[in-house]
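J.: Read in order, the letters of the sequence shown correspond to residues 297 to 404 in my numbering.
From the three backbone atoms N, C-alpha and C, an ideal C-beta is built for every residue, glycine too.
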Amino acid sequence: MHSGALWSYIVPTVWPFEKRIAAFLYTLEYLLKNNKVKIGRNHVLLSMDQQQIVKEYRDQWPAESEFDDDLFFYIEDENTGGYKYWTPGDLVWIDDEGAEVWSTDAEH
């Protein structure tokens, strides 16, 4: 499961946008603290600690007018007219034996 799926499963769309972000970041921080996930990009784990990762998500989170629930990772790139990746990476799940299970977006 990638970050966008986590967002859609845990965050009710009836909540105000800022409350939805807070719930997502709380859940992400919980998963990181309890070694249930790590964050990776291009099949490399990020070398940031959990607080840095959550801060990076918080600082880079797009404005509500730019954010699309269905495209979670991507926002429109004003320079190219295409889309750009705004998150620092994606979820790498850690199973009970400690093995890494990479989401598709974390691999690329």
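1. Alpha carbons only, please: which of Asp345, Lys351, Lys334 is nearest the one belonging to Ile317?
2. Under three-state DSSP, which class holds Ser393?
3. Taking Asn331 as the reference, which of Gly378, Val388, Asp401 has the closest Cα?
4. Whole-angstrom Cβ separation of Ile335 and Asp386, contact assumed at under 8 Å?
5. Which residues does DSSP pair with Asp386 in a beta bridge?
6. Straight-line CA distance for Ile306 to Gly394?
7. Using DSSP bridges, identify the partner residues of His326.
8. Which of helix, strand or coil does DSSP assign to Trp303?
9. Less than 8 Å between the beta carbons of Leu321 and Gln346, yes or no?
T.: In short:
1. As a working mapping, residue 317 is identified with position 21 in the sequence shown. Considering only alpha carbons, the answer is Lys351.
2. Here residue 393 corresponds to residue number 97 of the sequence shown, with the count starting at 1. Reading the sequence as shown, one finds Glu at residue 393 and not Ser. Note: Glu393 maps to coil in three-state DSSP.
3. Taking the sequence shown and counting its residues from 1, one reaches residue 331 at position 35. Measuring from the Cα of Asn331, the nearest candidate turns out to be Val388.
4. To locate residue 335, count along the sequence shown from 1; it is residue 39. To locate residue 386, count along the sequence shown from 1; it is residue 90. The pair is a contact, with the Cβ atoms about 7 Å apart (cut-off 8 Å).
5. Indexing the sequence shown from 1 puts residue 386 at position 90. DSSP lists Gly336 as partners of Asp386.
6. Here the question's residue 306 lines up with position 10 in the sequence shown. Here the question's residue 394 lines up with position 98 in the sequence shown. Distance between the alpha carbons of Ile306 and Gly394 is about 24 Å.
7. For this step, residue 326 is matched to residue 30 along the sequence shown. Per the sequence presented here, residue 326 reads as Tyr, with His not at that position. Its beta-bridge partners do not exist; DSSP assigns none.
8. Your numbering for residue 303 matches position 7 in the sequence shown. Note: Trp303 maps to helix in three-state DSSP.
9. Here the question's residue 321 lines up with position 25 in the sequence shown. Here the question's residue 346 lines up with position 50 in the sequence shown. Cβ atoms of Leu321 and Gln346: not closer than 8 Å.
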